[in-house]
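Here is the structure we will look at.
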Ligand SMILES: Cc1ncc(COP(=O)(O)O)c(C=O)c1O
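Numbering (this note's numbering), first residue to last: 442 to 843.
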């Protein structure tokens, strides 16, 4: 914290962060000392962006698409996103519903600024992506966590708990089906129940669909597709995962027109526009050859299988086999007990120093809630090859057993 004579704005006291970046630093530090690190902490990918997308960007630069463009995005990309996002969800969107963003993440803060008054309550998933909590509190709202229950097939939303935490001050609900870090997916009944709560209590919904197309079997569904939901839902769309474009910074808000217009106005204030040539590359991603994203999902499916198998061989750890995302949220209560740990952060540090396996823990995904007793870690398999998945989890198995 700054301690000099100049005062920083007090609102910054409410700004959170992604504490998972500290795990990257610890892993880099351990690697710099000459140790092998197995990077299960990265929510990033070690696979290249499809060549046709890269070539489209080169072409766009050569064609001089390097100046400012419209705040809401270039017309062809808005049109392509309206068609593609709509078709995959059984919905009809117009370009006016689409506001291009530098990544999916900016949609979170812009949604909150658009629909939430200071003092309003916003429900958000916990464990969940930590930026929800940060942005709600930074903009003067009250972040109200809702929770999940572990089942043999994954994590189910605690609907009773969610309903019990809706008050007259509740303005919005953040919903992340195909969830980071849980990899959970709502059943049709669960999604319907969430939609009914949103409608009955007149809530705005942010549907974070960052992993909508990062799935290995079955089909993804959007809460925006349920009756009565499209007009109250903002979809967070990103190119980051599907096209391995995390560093390009390209995404979009798909929103009811009045919300979209306000988000475009925030764009004008915040960044003027998303990088012009990057948008042309994104257009090629959506409309061009799809072999890149297909190969990417195939690679992730094989990694998922290797990671699930590796965890299955470790005494005192268990996980379901999710159909989507690239995370496993692993119950490590038994393994921690066997090794004599009560603190999951200490367990993570000891695992790193004993095996080189680096991972985030439950603590990186929102403030733990009262009554939590089970211990969890998150294994991300998007940034690690199968040989290293198998080798790293083998070392973890031997260490836990020792
Ligand atoms: C649930 C969730 N939402 C949003 C994002 C943000 O994605 P982007 O890289 O497009 O900003 C992420 C990134 O990991 C995520 O996991």
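Here a beta-carbon is modelled for each residue, glycine too, at the ideal position from N, C-alpha and C.
Residue interval of the beta strand (DSSP E) (run including residue i)
i           : result
residue 682 : Careful: residue 682 lies outside any beta strand (DSSP E) and carries neither H nor E.
residue 564 : 562-566
residue 615 : 611-616
residue 591 : 589-592
residue 820 : 817-821
residue 693 : 692-695
Residues near residue i in its chain [Cβ-Cβ closer than 7 Å; skip 5 each side]
i           : result
residue 703 : 555
residue 546 : 572
residue 532 : 665, 666, 671
residue 523 : 534, 535, 536, 538, 539
residue 795 : 840
residue 712 : 543
residue 698 : 537, 538
residue 810 : 567, 586, 588
residue 685 : 486, 488, 489, 490, 737
Limits of the unbroken alpha helix (DSSP H) element including residue i
i           : result
residue 775 : 774-780
residue 478 : Premise fails: residue 478 is in no alpha helix (DSSP H) and is neither H nor E.
residue 572 : 572-579
residue 831 : 827-842
residue 601 : 600-605
residue 796 : 785-796
residue 471 : 461-473
Contacts around residue i, its chain only, beta-carbon distance under 6 Å, and the 5 residues preceding and following it disregarded
i           : result
residue 775 : 757
residue 687 : 485, 681
residue 525 : 727
residue 513 : 540, 705
residue 552 : 647, 675
residue 782 : 788
C-beta atoms of residue i and residue j nearer than 9 Å
i           : j           : result
residue 639 : residue 614 : yes
residue 590 : residue 584 : no
residue 677 : residue 723 : no
residue 481 : residue 770 : no
residue 785 : residue 804 : yes
residue 598 : residue 652 : no
residue 807 : residue 574 : yes
residue 822 : residue 745 : yes
residue 567 : residue 587 : yes
residue 759 : residue 753 : yes
residue 579 : residue 456 : yes
residue 737 : residue 491 : yes
residue 506 : residue 654 : no
residue 837 : residue 792 : yes
residue 416 : residue 827 : An answer regarding residue 416 cannot be provided, because it is not within the stretch 442 to 843 covered by the chain.
residue 582 : residue 609 : no
residue 501 : residue 689 : no
residue 493 : residue 643 : no
Close-in-space but distant-in-sequence residues of the same chain around residue i (CB under 8 Å, 5 per side omitted)
i           : result
residue 629 : 662
residue 749 : 760, 762, 769
residue 595 : 623, 624, 625, 626, 761, 763
residue 631 : 597, 598, 600
residue 472 : 478
Residue-chain proximity (residue i, chain D), Cβ-Cβ < 9 Å
i           : result
residue 825 : Here there is only one protein chain, and chain D is not present.
Contained alpha helix (DSSP H) runs [length at least 4] in the stretch 699-758, N- to C-terminal order: 717-728, 732-753
Unbroken stretches of the alpha helix (DSSP H), 4 residues or longer, contained in the stretch 488-555: 492-503, 516-530
Complete alpha helix (DSSP H) runs within the stretch 611-676 (minimum length 4 residues, chain order): 629-641
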